[in-house]
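Contents: one structure, followed by commentary.
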Amino acid sequence: MPPSQGTAHPLRLLGVYAALVALMFGLIFFTGDKHHTPKLGIDLQGGTRVTLTARTPDGGKPSQDSLKKAQDIIEKRVNGLGVAGSEVVIEGDNLVITVPGEDGGQAKSLATTAKLYVRPVLNVTAPQVGKQAQPQPTPAATPSTAPAAPSTTASAPTTSAEAPAPQNRVFPEQAPTTPSPAPAPSPQQLQQEIAAAKALRQSTDQTVQLQAMATMDCSKPDPLQGNDDPNLPLVACSSDGTEVYLLDKSKLDGQEIKNASGTLDSRQGRWVVDVEFKSSGSDTWGKLTNEYVGKQLAFALDTKVVSAPRVESGNQFGGSTQISGNFNATTSKELANSLKYGSLPLSFTTSEAETVSATLGMSSLRAGLIAGAIGLVAVLLYCLLYYRMLGFLAGFSLLAAGVAVYALIVLLGRWIGFTLDLAGIAGLIIGIGMTADSFVVFFERIKDQMREGRSFRSAVPRGWQRAQRTNLSGKTVSLIASAVLYVLAAGQVKGFAFTLGVTTVLDVIVLYLVTAPLMMLVSRSPFWAKPSVNGLGAITDLAQERKATARVLVKEA
Amino acid sequence: MVDSDSELDYESAPMDKRHSLFERLYTGTGGFEIVGKRKIYYGIAAALIAIAMASMVFKGFTLGIDFAGGSRIQLPAADNVTTSKVEDVYRTALGHDPVTVQKVGSGSSATIQVRSDTLNAEQADKLQNALFDAFQPKDRNDQPSRSAISVAEISETWGGQVTQKALLALVVFVALTMLYIAIRFERDMSFAAIASLFFNLIVTAGVYSIVGFEVTPAAVIGLLTILGYVLYDNVVVFDKVEENTKGVLHLSKHTYGEKANLAANQTLMRSINTTVIGILPIIGMLVVAVWLLGVGTLKDLALVQLVGMIVGGYSSIFFAVPILVSIKETWGPVAAHTKKVLNRRSGGAQVRVGAAAVASSDGIARERGPRQSSGAPRPGARPSGKRQNRRH
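Quick mapping for you: the protein sequence lines, in order, are chains A and B. Residues in the first sequence are numbered from -5 upward in steps of one, following the working numbering. Residues in the second sequence are numbered from 1107 upward in steps of one, following the working numbering.
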């Protein structure tokens, strides 16, 4: 920037920045919902976040299409919870469910595939391997009655629960894992597991079936979960792990369900799930009840038998039935929700499920804000110490950037649903240092110029010329880093990359529209040229010294 | 060895002032031998890498819950809640012991944190009820509430998943920045930058291994952002090197290495300042995070950035610049030029004083001085050409 430029220019640039900030705040206060606080992540306001990883039978990547379908279904299930502001987003191969507030705990169980098949029971035994870790006082299946034809009762075979020895190690419910902490299974391993389980437990060969029943371990997570073939028989556990069933191929599936709700059966005093079939489904169900009078029909949800009532009478063409099992208010509603909103095209494992209490969220937010304030003050103090009064310019630039960052985060929260989480706050705090660094580079360039013997006044524009290049090159690298992280990284660190990227971009804007114009203005004032004010005395001295030395040397020569 | 011009000024100045270390740092005239003594710095770097590698191989890392899998339960640490009581409640409710129970944070933010093996929904529910019955934790409205208890379940595949993505990000990032630096600066600089990037990666990871800081997904990702920072720092230094070495090959007064060393000296203060300014907020964040919250994302990110920024500040000056010079002096036109300059220097030591006088006078003769360098500087550019003939 040549020094010959008109005096109005820096002021005009500052004016442009002021206008930009005014525009952003105008948008905040006069458009949209007019909330002037950023959208906070659940780790700052409390809530539940569940990260689900898709698990495909062949170990490959799930198709975007099926992920989208799954997202739709889970979204419906989440909305079924009735918590405002919940959302389900696709992040790479993961689905992330966020439910704000304190009632989102149920979100943790929304990812059940909910593939329901009605399969006739061929055989029942108690599990032989890996006795379950937990005592279950009630058996799996309990009488089921169809309201339309209240004549089915089920006598669920009960096995006396073995006296369970207290175990120190509890078995993970969902993660496919071996008891010892092992590295994550590779997709290939997973694929093999599924294939092996299929070969053993879905065989049509009676010997293999018997063997499968004998070796079935109900305490382990089921690799077949959501991946069983409905057209083959299946060896499955009851949902509480107390029985092993040999089931025939599926006669009716969950697609035929029109509606489901969890209700309290007042006569029995227990929670059940009322199921309403579509017309085709009620037909099938009616025929099924005719065919299996006196026999057991199992409701197998995600390869676990939820309920296996004995059919007491046929001709149940009323289009509805009841599933009873070991439910409570929450679980019956969850099952109803899952059935009602359809089965997921993919099976998921929960990678991370976190419920943060509002209390903890508040503490985190407070800690983040305090940390930010401390960081800002520390940087300001250091700038004042090192750059003397020029430190005020650095500070002013920081504040200008801060105001814009705040406005932008509020607006982005509104426009693209950007939520500020703890990692995002960390990004902002780290951004303070990066923003201040633009000033450092600029200042050092001015020093370079003064070392050459220039006055403060002429050093500033020349220093700026060079600092621009340096800054732009540096910030480009930072921006590449943030962008790569944002696109490729998993989990909540996205927020970190995002705020870091936003501060980088804003930093460049502030440098051009605020820091540089301010420095130009300052360079023209005699007050700021004083070494005691700008702290550049040492450099001036050095330049003087050099001049003197040079003169002497020239004379000597 | 010959080096920075300032040193000469002091030697020959009649009213020689003693300059303090800080002053020399501040004015960028430290005249520190960085490139010249690069063997020492390579030694230091090699030693650091060796220690880091050894620790990673023999000691390994302390992996956080995200890598091991498990559940984490947190509840506010009110007066009636102690770790031993919580442990008792846990044992009674679930029939086995938790992995750890600790109190973290302080003041109203203090929480009791229980880490256990993965609990299924039923167990988590049972535990939550038991804890609520025992302690009646209060929510933010001061009402006893079950939801004041936070529960997190993390599968052991999660950390691996994050790490896998981080590695992918690293590869993409390295490729993109190499390309960018090669286009914006030059190919050799991008090699030097990447070398210093891996130096950082290894040393920072080594510090984590040696100290035993817990490795969490946040720390893994934090490591990546440090790389962004390190490269940013490198770019700033290289920018100065590029500026200083412009046209160096057309004259035989200075070697590339000497000009690079000058650049390193001139950016030394900036690197120190940037590092200080960069780590001040991070230290603030670390202190607040540990003090108020005890653990979590904030601490993980702060810690890894703190370590990385310090290593990064060091490496951009003391590792990247020497490496760059070494690469340059191994092949290409710079190698030939350096040989020429050194040959010439050993023969022509006599002309020193005279040349020096002319050179020093450039300080004043800046605007009207004789232009010997190829091509006049752009208006407003630092008069780099002239500085090259300051000596000899």
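Positions of the beta carbon are idealized from the N, C-alpha and C atoms, including for glycine.
Between the alpha carbons of residue i and residue j, how many angstroms are there, rounded?
{"i": "K524(A)", "j": "P455(A)", "result": "17 Å"}
{"i": "E1364(B)", "j": "I1388(B)", "result": "35 Å"}
{"i": "P170(A)", "j": "D216(A)", "result": "With a pLDDT of only 37 at P170(A), under 50, the local geometry of the prediction cannot be trusted, and the value read off the model is given with reservation. Each residue's alpha carbon lies about 8 Å from the other."}
{"i": "A1408(B)", "j": "W409(A)", "result": "29 Å"}
{"i": "A1366(B)", "j": "V1382(B)", "result": "23 Å"}
{"i": "Y1335(B)", "j": "S301(A)", "result": "58 Å"}
{"i": "S345(A)", "j": "R1221(B)", "result": "17 Å"}
{"i": "T343(A)", "j": "Q1229(B)", "result": "18 Å"}
{"i": "F353(A)", "j": "G40(A)", "result": "The sequence shown places Thr at residue 353(A), not Phe. Taking the straight line joining both Cα atoms gives about 7 Å."}
{"i": "S1190(B)", "j": "W1397(B)", "result": "22 Å"}
{"i": "D1345(B)", "j": "Y1132(B)", "result": "19 Å"}
{"i": "I1218(B)", "j": "S1421(B)", "result": "40 Å"}
{"i": "L1237(B)", "j": "G425(A)", "result": "40 Å"}
{"i": "L194(A)", "j": "L226(A)", "result": "12 Å"}
{"i": "N465(A)", "j": "I22(A)", "result": "31 Å"}
{"i": "I1316(B)", "j": "G1414(B)", "result": "14 Å"}
{"i": "A135(A)", "j": "V266(A)", "result": "The predicted position of A135(A) is uncertain, since its pLDDT is 41 and thus under 50; a value taken from the coordinates is nonetheless stated next. Computed Cα separation, rounded: 11 Å."}
{"i": "A573(A)", "j": "L500(A)", "result": "Residue 573(A) lies beyond the range of chain A shown here (-5 to 551); nothing can be said about it."}
{"i": "S1215(B)", "j": "L1329(B)", "result": "28 Å"}
{"i": "S273(A)", "j": "T209(A)", "result": "40 Å"}
{"i": "S1256(B)", "j": "L89(A)", "result": "21 Å"}
{"i": "D431(A)", "j": "V44(A)", "result": "38 Å"}
{"i": "I1429(B)", "j": "A1442(B)", "result": "18 Å"}
{"i": "Q290(A)", "j": "D223(A)", "result": "20 Å"}
{"i": "A491(A)", "j": "L416(A)", "result": "12 Å"}
{"i": "S357(A)", "j": "T92(A)", "result": "20 Å"}
{"i": "K109(A)", "j": "L338(A)", "result": "7 Å"}
I need the DSSP call for residue i, collapsed to helix, strand or coil.
{"i": "E328(A)", "result": "helix"}
{"i": "F311(A)", "result": "coil"}
{"i": "D1444(B)", "result": "With the sequence shown as reference, residue 1444(B) is identified as Thr, and Asp is not the correct amino acid for it. Here T1444(B) sits in helix by DSSP."}
{"i": "P121(A)", "result": "coil"}
{"i": "I1255(B)", "result": "coil"}
{"i": "Q1456(B)", "result": "In this prediction, Q1456(B) scores a pLDDT of 47, lower than 50, which makes its location untrustworthy; the coordinate-derived value is nonetheless stated afterwards. Note: Q1456(B) maps to coil in three-state DSSP."}
{"i": "T107(A)", "result": "coil"}
{"i": "F1138(B)", "result": "coil"}
{"i": "Q1372(B)", "result": "helix"}
{"i": "I317(A)", "result": "strand"}
{"i": "G256(A)", "result": "strand"}
{"i": "V287(A)", "result": "coil"}
{"i": "G1384(B)", "result": "helix"}
{"i": "S1161(B)", "result": "helix"}
{"i": "L1181(B)", "result": "strand"}
Taking all protein chains shown into account, decide if residue i is buried (16 or more other Cβ within 10 angstroms of its Cβ) or exposed.
{"i": "S517(A)", "result": "buried"}
{"i": "W1059(B)", "result": "Residue 1059(B) lies beyond the residue range present for chain B, which begins at 1107 and ends at 1498; the question has no answer from this structure."}
{"i": "H30(A)", "result": "exposed"}
{"i": "S1126(B)", "result": "exposed"}
{"i": "I1179(B)", "result": "buried"}
{"i": "K1360(B)", "result": "It should be noted that the sequence gives His, not Lys, for residue 1360(B). Flag for H1360(B) reads buried."}
{"i": "K1446(B)", "result": "exposed"}
{"i": "G280(A)", "result": "buried"}
{"i": "V1163(B)", "result": "exposed"}
{"i": "E285(A)", "result": "exposed"}
{"i": "V83(A)", "result": "exposed"}
{"i": "I1308(B)", "result": "buried"}
Exercise for the section: Using a Cβ-Cβ cut-off of less than 7 Å, list which residues of the stretch 1162 to 1190 of chain B approach chain A; keep chain order. Expected result: Result list: A1174, G1175, Q1180 and P1182.
Handout entry: 3 or more residues per run - each beta strand (DSSP E) lying fully within the stretch 1387 to 1433 of chain B
Key = Those beta strand (DSSP E) runs which fall completely within the stretch 1387 to 1433 of chain B and span 3+ residues do not exist here.
Practice task
Anything in the stretch 1310 to 1344 of chain B with a Cβ closer than 7 Å to a Cβ of chain A? List those residues in chain order, please.
Solution key: Answer in chain order: P1323, A1324, I1327, L1330, T1331, L1333, G1334, L1337, Y1338, V1341 and V1342.
Handout entry: Segments of 3+ residues assigned as beta strand (DSSP E) that fall wholly inside the stretch 1237 to 1304 of chain B
Key = Taken in chain order, the complete beta strand (DSSP E) segments of 3 or more residues contained in the stretch 1237 to 1304 of chain B are 1256 to 1260.
Practice task
Check each residue of the stretch 1371 to 1388 of chain B: if its Cβ is closer than 8 Å to any Cβ of chain A, include it; give the result in chain order.
Solution key: So the list reads Q1372, T1373, M1375, R1376, N1379, T1380, V1382, I1383, G1384, I1385, L1386, P1387 and I1388, given in the order they occur along the chain.
Handout entry: the stretch 1425 to 1437 of chain B: positions lying closer than 9 Å to chain A by Cβ
Key = Correct list: empty, as no residue qualifies.
Practice task
Output, in sequence order along the chain, the residues in the stretch 1394 to 1405 of chain B whose CB is closer than 9 Å to any CB in chain A.
Solution key: Listed in sequence order: V1394, A1395, W1397, L1398, L1399, G1402, T1403 and L1404.
Handout entry: Completely contained alpha helix (DSSP H) runs for the stretch 7 to 51 of chain A, where each covers 4 or more residues
Key = Whole alpha helix (DSSP H) segments, 4+ residues: 36 to 39.
Problem - Segments assigned alpha helix (DSSP H), at least 4 residues, entirely inside the stretch 346 to 420 of chain A - result: DSSP runs (the alpha helix (DSSP H)) wholly in the stretch 346 to 420 of chain A: 352 to 381 and 384 to 409.
Exercise for the section: Quick one: which residues of the stretch 1263 to 1293 of chain B get their C-beta closer than 7 Å to a C-beta of chain A? List them in chain order. Expected result: Within the stretch 1263 to 1293 of chain B, T1263, W1264, G1266, Q1267, V1268, K1271, A1272, L1274, A1275, V1278, F1279, L1282, T1283, Y1286 and R1290 place their CB atoms closer than 7 Å to a CB of chain A, listed in sequence order.
Practice task
Would you list, in chain order, the members of the stretch 342 to 362 of chain A that have their beta-carbon closer than 8 Å to a beta-carbon of chain B?
Solution key: Those would be T343, T344, S345, E346, A347, E348, T349, V350, S351, A352, T353, L354, M356, S357, S358, R360, A361 and G362, in chain order.
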